[in-house]
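>
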Amino acid sequence: GRRQRPESRWHWKHWDFAASLKILQLLAKRYRDRSCVTGIAVCNEPCGVIPGNTLMSYYSKAVDTIRKAGMPESRVAVVLPIFQRPEGEEAFIAKWSKMTQGRHRNVCFDVHCYHCFENQFHGKTFAEQLRAVEENSAMFERYPMVAGEWALCLGRATWCTCGNMDEEAVISVFGAQQMEAFRNASHGSFFWNWKEDPEDKEWNYQVAQEMGLLKRSALVLPNWDHTGEDPLEEVLHPSPEDAVVYYG
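With our numbering, the residue at position 89 of the sequence shown is 74, and numbering never jumps.
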């Protein structure tokens, strides 16, 4: 978990990399002959304070361990998490490529596409949220990737920058843009979660599907060169007809 312990009680050096490799070896040997197993992740959401070179070294050893244990590159992808990396996903991938020189085949990078955590996403307008999805789509096109987790929840500023759209319309538009982006993900996407409290429709796939929140077609976003105001802001949150400013 991201906040299970006070910072003073855990240090990244407490991670027993050798033990993790042993577990991966055990799992790979156990499931290497199962045709239904087409991917294996080497960990989940590693802490962002772990030095990049240290994490990459572990990832490289993990890939070697899995291959030697009998899971071939021809059938099983090895999933490398890069969620919450402080240097950013693309910078991490560039360093990985330089370090490994293409030695590892059929690996993909795992990102978790959540738009409701931290100040960054709580401060985004609805238009900015959709532009973030657009940026993810471009990233998926460039690299072998899987969206290992995604959901329909949005940050707070979204809800005062979506014009007269109701909640379900906003969520369904957001869902459509994400699903369109995930078409570019070479190793697919996984909604979090299959089942959750029925009231949490943004996190419950079955409820979202039944409500039609995942059935809308994606919008064609207006072009924008990042100069001046994004025209998408006006589309999603039109200016009032009465432009008078009232005081008092």
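Where a beta carbon is used, it is the ideal one built from N, C-alpha and C, also for glycine.
Helix, strand or coil: how does DSSP classify Gly37 here?
helix
> Can at least three beta-carbon pairs, one atom from the stretch 131 to 147 and one from the stretch 109 to 117, be found at a separation below 8 Å?
Contact check between the stretch 131 to 147 and the stretch 109 to 117: three or more CB pairs, one atom from each, fall below 8 Å, which counts as touching.
> Among all the DSSP beta bridges, which residues are the ones paired with Ser174?
Ala132
> Decide if the stretch 121 to 135 is in contact with the stretch 52 to 59; the criterion is three or more beta carbon pairs, one per stretch, under 8 Å apart.
With fewer than three CB-CB distances shorter than 8 Å, the stretch 121 to 135 does not count as touching the stretch 52 to 59.
> Specify, as a first and last residue, the run of the beta strand (DSSP E) that Gly24 falls within.
Residues Gly24 to Ala26.
> Have a look at Leu137 and Arg15 and give me their C-alpha separation to the nearest angstrom.
35 Å
> Would you report the Cα separation of Val118 and Met164, rounded to the nearest angstrom?
For Val118 and Met164, the gap between their C-alpha atoms comes out near 10 Å.
> Determine the direct distance from the alpha carbon of Ser82 to that of Glu219, and round the result to whole angstroms.
In a straight line, the C-alpha of Glu219 is about 41 Å away from that of Ser82.
> For a quick check, are the C-beta atoms of Cys93 and Ala47 less than 9 Å apart?
Contact annotation: Cys93 and Ala47 have beta-carbon atoms that are not nearer than 9 Å.
> From Ile156 to Glu187, what does the alpha carbon distance come to, in whole angstroms?
8 Å
> Does the contact criterion of 3 or more C-beta pairs under 8 Å hold for the stretch 62 to 78 versus the stretch 22 to 30?
yes
> Roughly how many angstroms separate the alpha carbons of Asp210 and Val22, rounded to a whole number?
Between Asp210 and Val22, the C-alpha separation is close to 43 Å.
> Could you tell me if Arg168 is buried or exposed, where buried requires 16 or more neighbouring beta carbons within 10 angstroms of its beta carbon?
exposed
> Can you give me the C-alpha to C-alpha distance between Ala161 and Leu206, rounded to a whole angstrom?
If I take the Cα positions, the gap works out to 12 Å.
> For the candidate residues Arg60, Phe77, Asn104 and His100, whose alpha-carbon lies nearest to that of Arg90?
Arg60
> Go ahead and pull the three-state DSSP assignment for Leu115.
helix
> In angstroms, rounded to a whole number, what distance separates the CA positions of Ser237 and Glu152?
Lying before the first or after the last residue shown, residue 237 is absent from the chain, which here runs from -14 to 233.
> According to DSSP, what are the bridge partners of Val64?
Ala26 and Cys93
> Is it buried or exposed for Ile25, if we count other Cβ within 10 angstroms and need 16 for buried?
buried
> Cβ of Gly73 within 9 Å of Cβ of Phe102?
no
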